[in-house]
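Residue numbers (my numbering): 121 to 487.
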């Protein structure tokens, strides 16, 4: 593994989430108007993570680059002047108009300016589609055919909106528990039927699809590890066209060569032999913290039925990947930590510590 002298850390507090994120921001502003800032010391995930990153790495190895500018209403803590913009309709319109691409381009330009052979960039953020900005920049620098991309994620973020919501429509018609959970979600418009008619766009649930189709990454060099939404046998057996649209979207990409590693495989003894098939010189790792949702990780959004990896399982996963990179003459060219949600933060929360420990397996002396 390349002995990078320094790690360059920057933040992207971009969060146009139109459902739970919108509700969180409305709640934050309602309290702020009454003089209460319940997350006063933390503006975004970058502020949350930097003390922990500086603690696990030697002081002279961390370069703090600050944050890519994000409009207030698209951030976790919008300004009161932007309250009129903070609603599901505006966020939906922004996403549907491919607004996420504007920020992807900003991230790409930023990364191109900061990248050099002696450092590795680390992005701390929220919306996972921003990983596209990092990969667009690094693919141009190192060559698309030379980079393997490891996405640690509970979800396969390569399914077009139209296919995903056809599945959701089917499940809703069947009164699936997924759509009628005994939880907070029941009292919100999280599954507003109008959402099912939205156009396909580049967003956090689809970005990998576009990165593949636009040849930013090669399907055979993409590894999505820890997924919980792989089509189960019951779905595969369904003949309904709504189901088939989702299943085909998933399996077609797998047939193109995308390496999809389920949660079950990660927990098994075969995982090491699977991930050892990494064949490129350069490696990029993206950690969506929802890979530990409902289990080890609390600072992320997830549905009530989702159960990610436990803390020991996360460390075992990170250790396995880290050893392969460090021991096989591979060079780590970039990292990111995404989908961190500061609105759930309480003093003593273990999420920042767990994330920092995982990062040290990838870049650092932990083995």
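Beta carbons: idealized from backbone N, C-alpha and C, even for Gly. Here the structure is a predicted model, which means the values were calculated and not measured.
Hey, how far is the Cα of residue i from the Cα of residue j?
i           : j           : result
residue 375 : residue 161 : 47 Å
residue 264 : residue 240 : 17 Å
residue 302 : residue 418 : Confidence at residue 302 is low in this model, with a pLDDT of 36, below 50, so its placement is unreliable and the value that follows should be read with caution. The straight-line gap from Cα to Cα measures roughly 19 Å.
residue 335 : residue 210 : 31 Å
residue 119 : residue 203 : Any property of residue 119 remains undetermined from this structure, which presents the chain solely from 121 to 487.
residue 294 : residue 321 : 27 Å
residue 291 : residue 460 : 28 Å
residue 355 : residue 368 : 11 Å
residue 287 : residue 319 : 15 Å
residue 398 : residue 341 : 8 Å
residue 130 : residue 317 : 36 Å
residue 195 : residue 164 : 8 Å
residue 138 : residue 249 : 14 Å
residue 176 : residue 126 : 13 Å
residue 343 : residue 378 : 6 Å
residue 330 : residue 280 : 9 Å
residue 205 : residue 216 : 16 Å
residue 388 : residue 433 : 10 Å
residue 480 : residue 445 : 13 Å
residue 464 : residue 171 : 18 Å
residue 283 : residue 469 : 36 Å
residue 311 : residue 208 : Legend: pLDDT at residue 311 = 45, less than 50; position of this residue unreliable, no value from coordinates given.
residue 300 : residue 351 : With a pLDDT of only 37 at residue 300, under 50, the local geometry of the prediction cannot be trusted, and the value read off the model is given with reservation. Their backbone Cα atoms lie some 20 Å apart in a straight line.
residue 146 : residue 261 : 40 Å
residue 414 : residue 169 : 20 Å
residue 122 : residue 181 : Unreliable positioning characterises residue 122 in this predicted model, as indicated by a pLDDT of 48, which lies under 50. A coordinate reading is not provided.
residue 253 : residue 274 : 21 Å
residue 384 : residue 142 : 32 Å
residue 466 : residue 272 : 25 Å
residue 371 : residue 359 : 15 Å
residue 363 : residue 325 : 18 Å
residue 407 : residue 200 : 32 Å
residue 226 : residue 188 : 8 Å
residue 423 : residue 185 : 33 Å
residue 158 : residue 219 : 29 Å
residue 243 : residue 353 : 37 Å
residue 366 : residue 174 : 42 Å
residue 308 : residue 144 : Any reading at residue 308 must be qualified, since the residue scores a pLDDT of 39, below 50, and its modelled position is unreliable; no value is offered.
residue 323 : residue 462 : 20 Å
residue 416 : residue 478 : 12 Å
residue 251 : residue 327 : 8 Å
residue 450 : residue 266 : 11 Å
residue 339 : residue 373 : 8 Å
residue 498 : residue 452 : The requested residue 498 does not occur in the structure, where the chain is confined to residues 121 to 487.
residue 393 : residue 154 : 56 Å
Can you give me the start and stop residues for the beta strand (DSSP E) that residue i sits inside?
i           : result
residue 456 : 451 to 458
residue 240 : 239 to 245
residue 408 : 402 to 408
residue 256 : Here residue 256 belongs to no beta strand (DSSP E); instead the alpha helix (DSSP H) covers 251 to 262.
residue 447 : Per DSSP, residue 447 belongs to no beta strand (DSSP E); it is in the alpha helix (DSSP H), 431 to 447.
I believe residue i touches residue j by the beta-carbon criterion, under 8 Å. Please report the beta-carbon distance rounded to the nearest angstrom.
i           : j           : result
residue 270 : residue 405 : 5 Å
residue 345 : residue 386 : 6 Å
residue 276 : residue 347 : 5 Å
residue 133 : residue 190 : 5 Å
residue 337 : residue 278 : Actually they do not touch by this definition, with Cβ atoms about 11 Å apart.
residue 482 : residue 442 : 5 Å
residue 235 : residue 213 : Contact flag wrong, Cβ pair sits at about 33 Å.
residue 268 : residue 400 : 4 Å
residue 426 : residue 474 : Their Cβ separation, rounded to whole angstroms, is 17 Å, which puts residue 426 and residue 474 out of contact at 8 Å.
residue 447 : residue 428 : Residue 447 to residue 428, Cβ: 27 Å. No contact.
Tell me where the alpha helix (DSSP H) around residue i begins and ends.
i           : result
residue 225 : 219 to 234
residue 269 : Looking at the DSSP string, residue 269 is not in any alpha helix (DSSP H); the run it does join, the beta strand (DSSP E), is 267 to 272.
residue 203 : Segment: none, residue 203 is in no alpha helix (DSSP H) and carries neither H nor E.
residue 476 : 471 to 482
residue 327 : 327 to 333
residue 394 : 391 to 395
residue 214 : 208 to 216
residue 171 : 165 to 176
residue 464 : Looking at the DSSP string, residue 464 is not in any alpha helix (DSSP H), and its letter there is neither H nor E.
residue 138 : Premise fails: residue 138 is in no alpha helix (DSSP H) and is neither H nor E.
Can you pull the DSSP bridge partners for residue i?
i           : result
residue 126 : 239
residue 500 : Lying before the first or after the last residue shown, residue 500 is absent from the chain, which here runs from 121 to 487.
residue 286 : Answer by DSSP bridge pairing: none, since residue 286 is not bridged.
residue 132 : 245
residue 413 : 417
residue 182 : 127
residue 187 : 131
Below 7 Å, is the gap between the Cβ of residue i and the nearest heavy atom of the ligand SAM?
i           : result
residue 408 : For the ligand SAM, the structure offers nothing, since it holds no ligand at all.
Under a CB-based cut-off of 8 Å, is residue i close to chain D?
i           : result
residue 171 : Note that chain D does not occur in the displayed structure, where there is just one protein chain.
The segment 140 to 155 / the segment 442 to 456 touching (three or more Cβ pairs under 8 Å): Segments in contact, no.
At least 3 beta-carbon pairs within less than 8 Å: the segment 228 to 247 vs the segment 429 to 445: no
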